[in-house]
Structures are given as C-alpha cells and as structure tokens.
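A.B. asks: Following this message is one structure expressed as structure tokens.
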C-alpha cells in the first residue's frame, strides 16, 4: 500500500517528557490559518504534527497516541464537527478536540459543548487560547488509581441488582415479600433503573416452574404487537407465513413480563385485560379460546395515573396490574451503589474483553459521580463497557470515558467561551438545554419556555441552534 | 406523533413521495426513549414527527421539488427546441440529462423512462454515439433497479455499437457494465471475462480513472472468489491510479479503501481494516459528501465490529449510519442498516431483534425499492429466525428470498454469500 506521505507515523515516536502531543489539521490549503502554531509550539511544551487533509489526519491518528487535535472546520461547520467527534472516538490515547472556525456561532459552541469538544476557538488562533487549552489537557494527565471494591458474586444479569443503599434495601424487602406469591406486580421507575432485572429476580425466586418471557411493548410495531402477544394462525394477515405461538402461551406456567406497558394502544389494553381476567386468549385469525396460566409482571417509566387521567391508559387494567407496586430509585439517589456497580460492570466487561480491570482513577471516579445519569444503570453500564473496551491496563481512567462525561470535568481551567456568559449566551444555552430535553420538538420546548413557538423559532435562528 | 402512525395516514401515491421522504427525514427519537428498554430497538417508525415542524419544513422541500420539476420541464423544452432545429443528438442529450437528474434524486424508474424516450430517438440517428451514451445510462439504472438481465442487454448493444464505431471509451464502459451485471448475478467467470476485456482495452491508453475502476472491480471479484492475495494486488493498483489523479477521484479512492477494509477483515486483520474504513470515510468527507457511500462504509465498519464481537461499537456505528441515512433520505441504506441491526440482535440471542427485519420489510414495500433489497432482508430474517426460534418462519422467509432471487435470474445460493454492499449499483 503506498502512502502519499513518506514520513513515518509521527504518533509512534517517543514523546518528550511532559510534551502535549498535538495534531493540527489545517485543511486542503495547508497550515493557512494556523501559521503561528509552529512558533508557539516549543514555548508551550507542545509536540506538533501537521496533516494537510482528512485522509492524512486519519492515518496519523491511527498510527499513535495524541493528546489534542486542532481541526479547522469548513463551511459546513456543524457536519464537520460531528465528523471529527466521530473520527476521534476510540482513537488511541483518547485525544481531545479543539474546533477552529472563522466565526463560530453560539449554536456551534453549544453543540460542541454537548458533544464533549474541549473548546471552539475563533480564527485566527490566539496564543492565549491555545495555552489555556494545553493547560487543560495537561492538568488531566495525572490520575491516581483507586482499587475497585469486591462485588457480590451473586450479582447477575445485564443490569444486576448490585448495591446496598437504603433505597435498594427497601426494594429487596418488597421483592422478597412478593416473590413467593403469584400476585401480579407493577414495577415503576425511570428508564434504565433495572425493572426487567427485578422482574427476572422475582420470577427466579418465585413458585412458577415455567419460563420467564419478556415482551417489550415499546419496541414492537403496533400492528404486530397483538400477534406477538397472542400468536396468530397461518394466513391471518399479510406476512403471517406460518402459525405463531404468542408470548402468553410461551410463558405458560411461568412469568410474562410486559415492559413499557403504557406504550400499548387502548384496544390492546382491553385484550390484555380480558386475558388477565378470564385467563384465556385467542390467536389472531383463530376462533378458539386457549386457556393460559401465567404470572404477569408489568413495568413502565411513565406516570400511569397521569395516563389514566388523559384517557391513554385503562383504569381497570391499572388496578389489575398494580396489586403490588415496586418503585425503583434513580441511580443518583443510590449514593455509593455507583462504585459497586462500576466494580461489577468492570469485572463483567473485563471478562468479556479479556482484561483484568481492578482500579478506577480518582479523576474518572469524580466524573462518574458528578454525572446526572439520565439513563441510570443502563447508561452507566454502557459507559463502563466502552471504557473497558479502550482501557489498555487494569485501571479505568478519564481518557476512557465518553466525551460527554469528560466535558463535565471539574477542577480544570474554564473553557474560553464559558467565563461569565452574556445574557444572550445564557439564553441560548437554556434554550438548547430545553430543546435537548424535548428531543428537538419545538412545540413542547416553547411550552416549557413559556414563549410562542414563532418566538422560539426566531431565537433558534438568531442563535444558530 | 409516531412515524408509524403518521405513515398510515399517507396514501402511497407517487406525487407524495417527497412528503414521505420529508416525514422520514424529519423524524427524531424521543430523548426519553433513548435510555428506555425500547431504546435499543428504536427504528424510524418509532421516532416522533411533529406536524408543526413538518409544515415549517414543507416550504424548503417544495422549492427543491419545484426546482427539480422546473429542470425536467426545461430539459424537455430543450429537447423539443433541438429537435425542431434539426439537432437530434442535442435532443437525445437533453433527454438523457433529464434522466440523470431523476437518477440523482433516487427516482430510478423515472430515470429509466427518460432514457427510453432518448433511446427511441437515438436509434434513428446515423451517429451512434448518442445511442451508446443512452444505452450505457439505461444499463446503469437497470442494475441499480436490480434488472440485471435487462441491464446486460443494453450494455451488450452498447458494446457492439462502440466496437463498430471504434469508440474505445464506450467499449470499455460497456464491458465494465457487463462485468457488473454478471457480478450482481454472482456469475464470477463471466464478470472476470468482461473486466479483463475492459482492462485490455484501457491499458493501451492512459485513462487512470477507468483503469482504477476496473482494478477495483477485479479486486472485489477476487475477494468474492477467495483469492485474497490477488484482490490485494488489484486494490493496490487501483489506489495508485486514483492517487495519480491528485485527489480528483476522492470518492473512487474512498470505494477502494472501503474494499481494502473488507479485504483486511477477510484476512483477519481487524485493526488495518478499521483504519482503511476510517480513511475511506475521510475521503468521502473530503470530497462532495456522498451520504450513500458514507452509509455503506459505516455499515462495513459495523460488520467488522460485529464479526469481532465488539457489539457495543457495532451498534453505535449502525446508529450513526441510521442517523445519516434518515437525515439524507437514504431509504435503501436504512433497509440495509435495519437488516444488520437485526443480525446483530440475532447474534446476541435477542429475539426482539425481529422488529428490525419487520421495519426493513415495511420500508421496502412503502418505497417500492428494487426487489433484490427485499430478498436480502428475507434471507437475513430467515437466518435470524433459525437462531432465535421459529423454524417454520425461518423456512418461509428463506423460501421467499429464494423466490425473489430466482425471479431476478440470480443464483440464490451464490447471492446468499454475495456481499450486498459491493454491488455495482452502489459503485456509481
């Protein structure tokens, strides 16, 4: 394979002690807007390498460890930014990105912040701004390894019931009380708190000898959910290529776990109610009533009382399901369970990826503790799996965490754009946060902000959001 | 409102296809769903669409549609004027131009209709070059539509005419097209014969671009036939050809690097393979961005991660491809992405993965894509069912796939091992 550049992969060269390794990508026309960089490099203790274009930069990135990438964004700055964040994901050494743009908009700066970009700087690059960024990178290089605690060997399943926080002890007690009965259970809790793990554990410790069958009502297309639950006869509808036994029948003598039950249509809720009350079902396209004996456990992250009030959930079904209700706590309310879970997942994924992970660095732990964990244990699990994949020794460090977490890094010099924001910056930041909360839905965001949607649209345009 | 609900209210009319595209491309995942237990199974049908937002985006889409229709009308008027001015070759060129405009926006059947009108006119001319150009254009669009025999017929005619007229470039392109048609039908010896013929015709001249394309195709062919060393050599030569063009063939370079990544993966070298895919993405980014090619390369990277057991990263790569395919209206790409996501869930023993195959089939039907796409989904769905329960369903889906393959004149057994993503249709 011929390389256009004859120089050896610079990243493989041994770095000078303490030097921050910087890869500058100056666009097709060469260094251009970054001319002064070479002059500043020695003063700032920076080992600088240049890539004229993206393909060369990609080769250099793959060839060695870098601390920082300075990338000039083109006219499609948003797309370029996303491309760079993507390209640096998993690159050796977990380099941080500084995006450089001619006149970076507030929207670009906010999106960069959300993506975990170290900073967005305006061109021409100022020495002070670069020095600040280098200082931030350098401050993150000294981390102390802390041993992970031993984890309960009984912990099992994807999200495992690990932890002894008071909130979880209450959950365990309630589970123990219901496990030996056949009572229907409703498990409530935010996304990723472990509702299915609780359901499985209740089943495992319960009297039912049959299987545990889980159905995710939110995942299955609405037109297929009925046949998935109750089965169908061959030819009942287009695509019914063979007779299918539904999940109710599959779970005979065992437990049927209906996850995200609030996502079910009212018509289907009526059929579930009938199955629960009369203990019999009918396959789609079949006329025969089939008796079923299953224990039902349902779960949702929605407020069912609110759904009932809005007419989106049947009250009679709610009372059938909520014989016993278990409320799961959010991860941020579980205190030191977090470190137990980190240890559990580190061990689980260490085994999967052939690594022995026994410690976490102080900085990484601080980042994990400071994070909001909207996805709760599921999000933590993903973060630790990703860290386990990229970890090169037995310690999980901050460089192994996602950019989103690293963007929340405390105790380092502030990013240049965030020192005492102007009123407009604060407003733009708040609007961006609300839009993120609503998944980009302008109508809902306008409602939360208490302004007309046209005003919101105008402001979004003004701030480049 | 969920996209699956919104689509139910939209009749399947050709005139409404841009609206359908807008609906899909403006769909966003509900942020609250992302970490929910349904998050890993999220498909475009489970995304949300806001009617108000749709209304606001309609203006921009309508102006794109209007510009497209205006260009088509303009091409037609130009064809009339040329015809009236006794410039029939000019009229043919205008009609072919209209077809190319249709092809550019993914309206392949409409493109074919323009080319056929152009061909009828070109056949009456003494100068055969317009006819050759038109036949090459129809051949290309036929392959993209999965009409391999029809495509081959047009390329064959283009070859005969080119040779009669000593039109070497036309003969080379027709030979490459015939090779591609054979490749798509998994007729490896036929494909090799045509590519070799194209190579012989090209080597005499100094056409680096065509030479690179042929070397690339020969590399793909050798890989399909298991001669990995020869494949590597062809790909190396293809890279040399494109490198000599000083960045003017960035997308071709991306395709060759993509093939190199596939080859490294087949040789059990995952790190160089990932490096080649990432560099290929950089070449795509460097040039006029081609979202279709970007999606293809990301899918290959995801497949590599899947095969090496790096499921989390494979899933993330597929989700990035999905986002790109949705926002850039690459619906055929979406079909491939959901097929691969279903395959990933199958590897994980996750029965709920069937939702991805169902979504892929629904997209094939809603968008009336080439039947070959649906066959590939059914094939993968059958394999998934073999692993995740449902022997009867598995058999039925595999039978359905074979039936479609047969109807297209493709050897079902060979097609099942045929790499979907190296298809000539996507090779530009």
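Residue numbers (our numbering), protein chains in the order written: chain S, 334 to 798; chain B, 74 to 501.
All C-beta atoms in this analysis are idealised placements derived from N, C-alpha and C, irrespective of residue type, glycine included.
Predicted model only: the values in this text are computed from it and were never measured.
Does residue 606 of chain S have its Cβ less than 8 Å from a Cβ in chain B?
C.D. replies: So no, residue 606 of chain S is outside the interface.
A.B. asks: Along the chain, where does the beta strand (DSSP E) that runs through residue 429 of chain S open and close?
C.D. replies: That run of the beta strand (DSSP E) goes 429-434.
A.B. asks: Kindly identify the DSSP beta-bridge partner or partners of residue 633 of chain S.
C.D. replies: Paired residues: S:521.
A.B. asks: Using the Cβ count rule (16 or more neighbours within 10 Å means buried), how would you classify residue 74 of chain B?
C.D. replies: Label assigned to residue 74 of chain B: exposed.
A.B. asks: I'd like to know if the region 580-587 of chain S and the region 618-635 of chain S are in contact, where contact means that at least 3 CB-CB pairs between them fall below 8 Å.
C.D. replies: With a cut-off of 8 Å, the region 618-635 of chain S and the region 580-587 of chain S count as touching, because enough Cβ pairs lie within range.
A.B. asks: May I ask you to list the residues that DSSP assigns as paired with residue 694 of chain S?
C.D. replies: Looking at the DSSP assignment, residue 694 of chain S forms a beta bridge with S:478.
A.B. asks: Considering only their Cβ atoms, is the gap separating residue 185 of chain B from residue 214 of chain B smaller than 8 Å?
C.D. replies: Going by C-beta atoms, residue 214 of chain B is nearer than 8 Å to residue 185 of chain B.
A.B. asks: Using the Cβ count rule (16 or more neighbours within 10 Å means buried), how would you classify residue 596 of chain S?
C.D. replies: Residue 596 of chain S comes out buried.
A.B. asks: Once the 5 residues before and after residue 668 of chain S are set aside, which same chain residues still bring their CB inside 6 Å of it?
C.D. replies: Cβ within range, chain order: 498.
A.B. asks: Report yes or no: is there a C-beta of chain S within less than 8 Å of the C-beta of residue 497 of chain B?
C.D. replies: Low per-residue confidence applies at residue 497 of chain B: pLDDT is 45, beneath 50, and the placement is therefore not dependable enough to give any value.
A.B. asks: For residue 362 of chain B, name the three-state secondary structure that DSSP assigns.
C.D. replies: Here residue 362 of chain B sits in coil by DSSP.
A.B. asks: When burial is assigned at 16 or more other CB atoms within 10 Å of the CB, is residue 746 of chain S buried or exposed?
C.D. replies: Here residue 746 of chain S scores only 44 on pLDDT, less than 50, and its place in the model should not be relied on; the value that follows carries that caveat. Exposed is the call here.
A.B. asks: So which residues of chain B does residue 592 of chain S contact, with C-beta pairs closer than 7 Å?
C.D. replies: Under the 7 Å cutoff, chain B gives 110.
A.B. asks: Less than 8 Å separating the beta-carbons of residue 453 of chain S and residue 401 of chain S?
C.D. replies: No, the Cβ-Cβ distance between residue 453 of chain S and residue 401 of chain S is not below 8 Å.
A.B. asks: From residue 335 of chain S to residue 420 of chain S, what does the alpha carbon distance come to, in whole angstroms?
C.D. replies: Because residue 335 of chain S sits at a pLDDT of 35, beneath the cut-off of 50, its placement in the model cannot be relied upon, and the point is left open.
A.B. asks: Are at least three pairs of beta-carbons, each pair with one atom in the region 406-418 of chain B and one in the region 377-388 of chain B, less than 8 Å apart?
C.D. replies: Verdict: yes, contact present.
A.B. asks: List in chain order: all unbroken alpha helix (DSSP H) runs of 4+ residues lying wholly within the region 374-429 of chain S.
C.D. replies: Fully enclosed alpha helix (DSSP H) runs of 4 or longer: 387-396, 410-421.
A.B. asks: Would you tell me roughly how many angstroms separate the C-alpha atoms of residue 385 of chain S and residue 795 of chain S, rounded to the nearest one?
C.D. replies: Each residue's Cα considered, the two are about 33 Å apart.
A.B. asks: Kindly indicate which three-state DSSP category residue 622 of chain S falls into: helix, strand or coil?
C.D. replies: Correct three-state label for residue 622 of chain S: strand.
A.B. asks: Is it true that the CB of residue 797 of chain S sits closer than 8 Å to the CB of residue 501 of chain S?
C.D. replies: No, Cβ-Cβ distance for residue 501 of chain S and residue 797 of chain S is not below 8 Å.
A.B. asks: Looking at residue 590 of chain S: is its Cβ nearer than 8 Å to the Cβ of residue 548 of chain S?
C.D. replies: Yes, the pair counts as a contact, with Cβ atoms nearer than the cut-off.
A.B. asks: Measuring only the C-alpha atoms, how far is residue 327 of chain B from residue 358 of chain B?
C.D. replies: C-alpha separation (whole angstroms): 9 Å.
A.B. asks: Which residue's Cα is closest to the Cα of residue 471 of chain S: S:785, S:396, S:377?
C.D. replies: Of the listed residues, the one whose Cα sits closest to residue 471 of chain S is S:377.
A.B. asks: Strictly below 7 Å CB to CB, what residues from chain B border residue 416 of chain S?
C.D. replies: Near residue 416 of chain S (Cβ distances below 7 Å), the residues of chain B are 358.
A.B. asks: Can you find at least 3 beta carbon pairs, one from the region 145-159 of chain B and one from the region 105-112 of chain B, that sit closer than 8 Å?
C.D. replies: Counting Cβ pairs under 8 Å, fewer than three are found: no touch.
A.B. asks: Between the beta-carbon of residue 516 of chain S and the beta-carbon of residue 609 of chain S, is there less than 8 Å?
C.D. replies: No, the Cβ-Cβ distance between residue 516 of chain S and residue 609 of chain S is not below 8 Å.
A.B. asks: Can you give me the Cβ contacts of residue 352 of chain B inside the same chain, cut-off strictly under 8 Å, excluding the 5 residues immediately before and after it?
C.D. replies: 330, listed in sequence order.
A.B. asks: If you draw a straight line from the alpha carbon of residue 577 of chain S to that of residue 618 of chain S, how long is it in whole angstroms?
C.D. replies: About 11 Å.
A.B. asks: Output needed for residue 547 of chain B: all residues of its chain with C-beta closer than 6 Å, excluding positions within five of it in sequence on either side, in chain order.
C.D. replies: Because chain B here runs from 74 to 501, residue 547 of chain B falls outside it and cannot be looked at.
A.B. asks: Between the alpha carbons of residue 519 of chain S and residue 632 of chain S, how many angstroms are there, rounded?
C.D. replies: If you take the alpha carbons of residue 519 of chain S and residue 632 of chain S, they lie about 6 Å apart.
A.B. asks: Does chain C have any CB closer than 8 Å to the CB of residue 775 of chain S?
C.D. replies: Judged by its chain identifiers, the structure shown contains no chain C, and its protein chains are S and B.
A.B. asks: In three-state DSSP terms, what is residue 471 of chain B?
C.D. replies: Reduced to three states, the DSSP call for residue 471 of chain B is helix.
A.B. asks: In the DSSP output, which residue or residues are listed as bridge partners for residue 660 of chain S?
C.D. replies: According to DSSP, residue 660 of chain S bridges with S:521.
A.B. asks: What distance in whole Å lies between the Cβ atoms of residue 779 of chain S and residue 785 of chain S, which are believed to be in contact at a cut-off of 8 Å?
C.D. replies: Confirmed, Cβ separation roughly 6 Å.
A.B. asks: Can residue 76 of chain B and residue 134 of chain B be called in contact, C-beta distance under 8 Å?
C.D. replies: Cβ atoms of residue 76 of chain B and residue 134 of chain B: not closer than 8 Å.
A.B. asks: Can you check DSSP and say which residues form a bridge with residue 121 of chain B?
C.D. replies: Per DSSP, B:75, B:101.
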